[in-house]
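Student: In the working numbering, the protein residues as written are 1308 to 1666. Below is the structure I would like to discuss, written out as structure tokens.
Put into structure tokens, the structure is as follows:
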């Protein structure tokens, strides 16, 4: 896709002004870094960082049949959500493969907000629309909205009256109506905030100004990736795909098999009962060396047993870490494996999640 064909978020000009390095991502031009990935990563772990998430899709499900129907489309149980509450969940195909991982918020009695991955927005919409009954309305409001994730241990110093964890609330900041959710993708405390696209620049600059004394930094996709990987949070398109199901990915906690009926349930039930051939495991390199990267081969005693899906040099641990799908018999915590990097084998150990643990 040519640069001209890439979409721009309402904050594009702000990123350019701040000297961000812009890259194509999921059909959008997004900042990968401003200063350095390590500096931005550390800002989030120690103080505060702000990410543009305006590229993410925002689907609205409304109507009297919305809640019951959503429960047949998503793996988690939306019946359990009170108004103002959110949950992590999956949208599956009929083979139990992951179309998308998303957060579903119940924002009114019959109204739900689904925050979905940018690269999957159209696919999500199409799949949901195809299965939608007449008493349910489905809309996409993302193009009229901006969004940011503000993450880090000092977030409670930046905002008073934060919503409870995994809750969303409509509030106002300097005359701007915003929806603030206590969610994130970094392993730190934080919020994800949605607002009118017209308010995006004002909101962004207001928060950077308010957070100046708290050490806030604008952050790009690079730090977002290293932060989530240290926590073993999966990335759609890398660790999750339509060929993989949530049980293989070790995310069965977000699947409610007690629900009698949802798309992909039979496949997941079988996977839970009989086990899966492969499992997604986190690993840490044993020696200092080149960092692991996606598609690198994983082996044990010379036999290929899997493939790396995500890998990086962890700024918090200053060590190579990653995730890989490997054959289930080898997927025990503490097992030694080899990662093939540029034709050479480097030893690694299967670790317990998360890879980064707060001291």
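Cβ atoms here follow ideal geometry from the backbone N, Cα and C, with glycine treated the same way.
Classify residue 1408: buried if its beta carbon has 16 or more other beta carbons within 10 angstroms, exposed otherwise.
Tutor: buried
Student: Going straight from the alpha carbon of residue 1392 to that of residue 1597, what length do you get?
Tutor: 42 Å
Student: Residue 1638 lies in the beta strand (DSSP E); which residues open and close that run?
Tutor: Looking at the DSSP string, residue 1638 is not in any beta strand (DSSP E), and its letter there is neither H nor E.
Student: To which residues of the same chain is residue 1428 closer than 6 Å at the C-beta, ignoring the five residues directly before and after it?
Tutor: Listed in chain order, the non-local C-beta contacts of residue 1428 below 6 Å within the same chain comprise 1364, local neighbours out to five positions each way being set aside.
Student: Taking only the alpha-carbon atoms, compute the straight-line gap between residue 1716 and residue 1480 and give it to the nearest angstrom.
Tutor: With the chain running from 1308 to 1666 in the structure shown, residue 1716 is simply not present.
Student: Does the beta-carbon distance from residue 1603 to residue 1648 come in below 9 Å?
Tutor: A contact, by the Cβ cut-off of 9 Å.
Student: How big is the Cα-Cα spacing for residue 1651 and residue 1592?
Tutor: Their backbone Cα atoms lie some 13 Å apart in a straight line.
Student: Given a cut-off of 9 Å, decide if residue 1350 and residue 1522 are closer than it, judged by their beta-carbon atoms.
Tutor: yes
Student: Tell me the start and end of each unbroken alpha helix (DSSP H) in the stretch 1413–1449 that is at least 4 residues and wholly inside, in chain order.
Tutor: 1428–1437
Student: Consult DSSP for residue 1563 and reduce its assignment to one of helix, strand or coil.
Tutor: Note: residue 1563 maps to coil in three-state DSSP.
Student: Which whole-angstrom value is the C-beta distance of residue 1605 and residue 1633, which I expect to be below 8 Å?
Tutor: Residue 1605 to residue 1633, Cβ: 5 Å. Contact.
Student: Between which two residues does the alpha helix (DSSP H) carrying residue 1382 extend?
Tutor: Counting along the chain, residue 1382 falls outside any alpha helix (DSSP H), and DSSP gives it neither H nor E.
Student: Do you know offhand how far residue 1387's Cα is from residue 1607's?
Tutor: Approximately 43 Å between the Cα atoms of the pair.
Student: Pull up the distance between the alpha-carbon of residue 1587 and that of residue 1631, whole angstroms please.
Tutor: Rounded to whole angstroms, residue 1587 to residue 1631 spans 5 Å at the Cα level.
Student: To which residues of the same chain is residue 1518 closer than 6 Å at the C-beta, ignoring the five residues directly before and after it?
Tutor: Same-chain partners within the cutoff: 1355 and 1465.
Student: Mind checking which residues open and close the beta strand (DSSP E) that includes residue 1587?
Tutor: 1585–1592
Student: Contact defined as beta carbons within less than 8 Å: I believe residue 1525 pairs with residue 1594. What is the distance between those atoms, to the nearest angstrom?
Tutor: With a Cβ gap of about 34 Å, residue 1525 and residue 1594 do not count as contacting.
Student: Here's the rule I'm using: 16 or more other beta-carbon atoms within 10 Å means buried, otherwise exposed. How should residue 1560 be labelled?
Tutor: exposed
Student: How about residue 1399 and residue 1410: do their beta carbons lie closer than 9 Å?
Tutor: no
Student: Tell me the DSSP bridge mates of residue 1406?
Tutor: None; residue 1406 has no bridge partner.
Student: Give a yes or no on contact between the stretch 1321–1333 and the stretch 1435–1450, applying the rule of three or more CB pairs nearer than 8 Å.
Tutor: no
Student: Report yes if the CB atom of residue 1624 is closer than 9 Å to the CB atom of residue 1339, and no otherwise.
Tutor: no
Student: The beta strand (DSSP E) spanning residue 1263 covers which residue range?
Tutor: Residue 1263 is absent from the structure shown; the chain starts at 1308 and stops at 1666.
Student: Around the C-beta of residue 1584, are 16 or more other C-beta atoms found within 10 angstroms, so that it is buried, or is it exposed?
Tutor: exposed
Student: Pairs of beta-carbons, one from the stretch 1440–1454 and one from the stretch 1501–1509, closer than 8 Å: are there three or more?
Tutor: yes
Student: Could you check if residue 1317 is buried or exposed, using at least 16 other CB atoms within 10 Å of its CB as the buried criterion?
Tutor: Buried, because 16 or more other Cβ atoms sit within 10 Å of the Cβ of residue 1317.
Student: Put residue 1493 into one of helix, strand or coil per three-state DSSP.
Tutor: coil
Student: Exposed or buried, which one is residue 1662 when buried takes at least 16 other CB atoms within 10 Å?
Tutor: Per the 10 Å Cβ criterion, buried.
Student: Using a Cβ-based criterion (distance less than 8 Å to any ligand heavy atom), does residue 1549 qualify as near the ligand NAD?
Tutor: As presented, the structure is devoid of all ligands, the ligand NAD included, so that no description of it is given.
Student: What is the DSSP secondary structure of residue 1745, reduced to helix, strand or coil?
Tutor: Because residue 1745 is not part of the residues shown, which for the chain are 1308 to 1666, the question remains open.
Student: With the cut-off set at 9 Å, would you say residue 1370 and residue 1442 are in Cβ contact?
Tutor: yes
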